[in-house]
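I have placed the structure first, in the form of structure tokens, so that the comments after it can refer back to it.
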Amino acid sequence: TQPIHELQLIGAAVERKLGMPVSCSFLTKGTPSFTVELKDITSTAPHVYVMPYLLFTGLLLQKIKLHTKKYNHVTTCNCLQFDPYMKLTLLRRMEECIYV
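Counting from 11, one number per residue, gives the positions in the sequence shown under the numbering used here.
Below, the structure is given as structure tokens:
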């Protein structure tokens, strides 16, 4: 679907920018599955950072933390909702919709 494809494009752009491998996975819909991807990556990577692409906290974030806490070399980053640039971008997009 379109949102999954767009998230994968974002992941590829981040990978190019950072020069580090980036993998996109999904908790509910889409492939690869978060739990399968996490297991695969943690078996070879010295350290893994999980960046939840969520604009809210709640059950999905709890589910992520439930899976990541099984590994000592996995860090779960804050959700994007706490990022000031993300907030600014969302506000700009909302203004664009209002004033169109």
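Just so it is clear, CB atoms sit at the ideal spot from N, CA and C, and this is done for glycine as well. Predicted model, so just to flag it, every value in this text is computed and none were measured.
* Runs of alpha helix (DSSP H) wholly within the region 40-107 (minimum 4 residues, chain order) -> 44-52, 69-78
* To do: Tell me whether the beta-carbon of Val58 lies closer than 8 Å to the beta-carbon of Ile74.
  => no
* Roughly how many angstroms lie between the CA atoms of Gln18 and Gln12, to the nearest whole one? -> 10 Å
* Limits of the alpha helix (DSSP H) - the one that Gly21 falls within -> 12-28
* Would you mind stating whether Leu90 and Tyr109 have Cβ atoms separated by less than 8 Å? => no
* Asked: Shortest alpha-carbon distance to Leu69 belongs to which of Ile14, Lys80, Pro31, Leu37?
  -> Leu37
* To do: My understanding is that Thr52 touches His83, with C-beta atoms under 8 Å, so please give their C-beta distance in whole angstroms.
  => 7 Å
* Length of the line joining the Cα atoms of Leu80 and Pro56 -> Note that residue 80 is Lys in the sequence shown, not Leu. Those two C-alpha atoms are separated by around 15 Å.
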